[in-house]
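Read the structure below first, then the notes.
In our numbering, the protein residues as written are 1 to 490.
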């Protein structure tokens, strides 16, 4: 909620003409964007609800150039906002309006440096587009599992800096679970080379985990060694109309054994969220046209190809869904018969963020609770929000296998954004208080950035906040690296 956040104190040292000349000497004319029109995409967040400022956008082409840029900024106390694909939803890559320093974009560092299919790893630069990495892995008969709606434009450096989640967390874990090593430029410009493709390395603190999830406040990720998996050879995707969220988590619980531990994804969709996508995303088809309030998108996959005459994933899923219909949990279902049908199902799920932006003003909460508490949270959370603003239109959905619910609401019909913002603090407090009472998290996968700066300060303990501040001050004593994000220093 942008209007309710008081800006923290951040360095305001300007980029002088002499410093601009020094930056140009490092990165060349191709690496600088100083005109207002060129800077606009870099200082505006993805939702286009927050606009910041920057003297110049710097786009280094190598880690050496990045190091020189950061050393120059460190020497002069110039603030740096690191940025990858700028697809985040919390404002973590968006400068504050008073930011006088630079945006440092890693987009020109976009090479796949090495693919090791035998060792199941891939070494890449941080500006690589996520979808490019998925396709590169597939070209080597391997699989990189990080998958999210923005994969055609988000960059791996941002994915790692925010510890991105996505639809495969159930089976493969968050972004930090997909990394073997990192290269990072520290706030003083030093380069830490931790590009080790080791699965076991018990030599002290595991430094790479400091930088994943830190949202660029402790350094700039420039390269990564990523884990790969065998490519899927037998995949079954289904769209289910389910009785309610309780039925959904019971279906998932039983699906693990029925699939022989091959459940890859399990996504809960409300009818409201589905209809929002159908309204705003071209070319999407309703898989069932069932007038029921809850749906489940489930995918099973195996790296073993289906043997001739043997039972494959689709047959196992069909038998399982028949049993779930008899139990009353599944009301109707369709299993995709082609790649295009499966892709249509996934397009519905992946189109929610874009559809939400097109729908108009809204409130969105990225929360997590234990899987068994999801139905209770949805019921109580909707009731708490509607008690404050009765006309809100709930459209919850989530990665229910990992307890992550994207708890969204459209504004009451006819209500504009400024009016909605008047109610936002009370709704936020009610939702987050409920989450905390259920031992959940106020940010499951989107991070903190600017949007949840004060919420983190409110809900995390003094010990946790003080420890995080100690780490920040130790690595970034001048507070130049993405200042005013994630953590208030005072």
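The beta-carbon is built from N, C-alpha and C at its ideal position, and this holds for glycine as well.
Given the structure is predicted, the values throughout are model-derived calculations rather than measurements.
- The beta carbon of residue 42 lies closer than 8 Å to those of 33, 54, 57, 83, 86, 103, 105 in the same chain, with the five residues before and after it left out.
- Rounded to whole angstroms, the gap between the alpha carbons of residue 436 and residue 459 is 8 Å.
- Contact annotation: residue 10 and residue 99 have beta-carbon atoms nearer than 8 Å.
- The straight-line gap separating the alpha-carbon atoms of residue 330 and residue 156 is approximately 37 Å.
- A direct Cα-Cα distance of roughly 29 Å separates residue 246 from residue 455.
- A direct Cα-to-Cα measurement between residue 401 and residue 24 gives close to 48 Å.
- The three-state secondary structure of residue 409, taken from DSSP, is strand.
- Under a 10 Å Cβ-count criterion, residue 114 is classified as exposed, with fewer than 16 other Cβ atoms of the shown protein chains found around its own Cβ.
- Contact between residue 269 and residue 146 is ruled out by a C-beta separation of about 21 Å, above the 8 Å threshold.
- Contact between residue 475 and residue 409 does not hold, since their C-beta atoms are separated by about 38 Å, which reaches or exceeds 8 Å.
- Residue state for residue 228 is assigned as coil, using DSSP reduced to three classes.
- Taking the Cα positions, residue 310 is about 28 Å away from residue 288.
- A Cβ-Cβ distance of about 15 Å is found for the pair residue 107 and residue 80, leaving them out of contact under the 8 Å criterion.
- In the DSSP annotation of this structure, the continuous segment of the alpha helix (DSSP H) that includes residue 459 starts and ends at 453 to 459.
- With a 10 Å radius around the Cβ and a threshold of 16 neighbouring Cβ atoms, residue 395 comes out buried.
- Residue 445 sits in coil when the DSSP states are folded into three classes, being neither helix nor strand.
- DSSP places residue 25 within a helical segment (H, G or I) once states are collapsed to three.
- Around residue 324, the same chain offers 251, 330 as residues with beta carbons nearer than 7 Å, after the five sequence neighbours per side are excluded.
- Across the set 65, 127, 229, 253, the C-alpha of 229 shows the shortest separation from the C-alpha of residue 121.
- Look at the stretch 321 to 402 and you find these whole runs of alpha helix (DSSP H), each 4 residues long or longer: 339 to 350, 352 to 359, 374 to 388.
- Taking residue 277 as reference, the option from 478, 340, 356, 482 with the minimal CA-CA separation is 356.
- Judged by DSSP in its simplified three-state form, residue 439 adopts coil rather than helix or strand.
- Taking the Cα of residue 119 as reference, the smallest distance to any Cα among 135, 141, 110, 345 is reached at 141.
- About 5 Å separates the beta carbons of residue 302 and residue 262, which is inside the 8 Å limit, making them a contact pair.
- Inter-segment contact for the stretch 411 to 430 and the stretch 379 to 391 is present: three or more beta-carbon pairs are separated by less than 8 Å.
- Residue pairing by DSSP puts residue 116 in a beta bridge opposite 121.
- 8 Å or more divides the Cβ of residue 92 from the Cβ of residue 110.
- DSSP places residue 223 within a strand segment (E or B) once states are collapsed to three.
- Residue 209 sits exposed, since fewer than 16 C-beta atoms from the chains shown fall within 10 Å of its C-beta.
- For residue 183, the enclosing beta strand (DSSP E) starts and ends at 179 to 185.
- Residue 365 counts as buried, since at least 16 other C-beta atoms from the protein chains shown sit within 10 angstroms of its C-beta.
- The beta carbons of residue 149 and residue 328 sit no closer together than 8 Å.
- Minimum Cα-Cα distance from residue 368 among the listed residues 68, 338, 187, 443 corresponds to 443.
- Excluding the 5 residues flanking it on each side, residue 199 has same chain C-beta neighbours closer than 8 Å at 180, in chain order.
- Here residue 483 is buried, its C-beta having at least 16 other C-beta atoms within 10 Å.
- Secondary structure remark: continuous beta strand (DSSP E) runs of at least 3 residues inside the stretch 91 to 116, in chain order: 102 to 105, 112 to 116.
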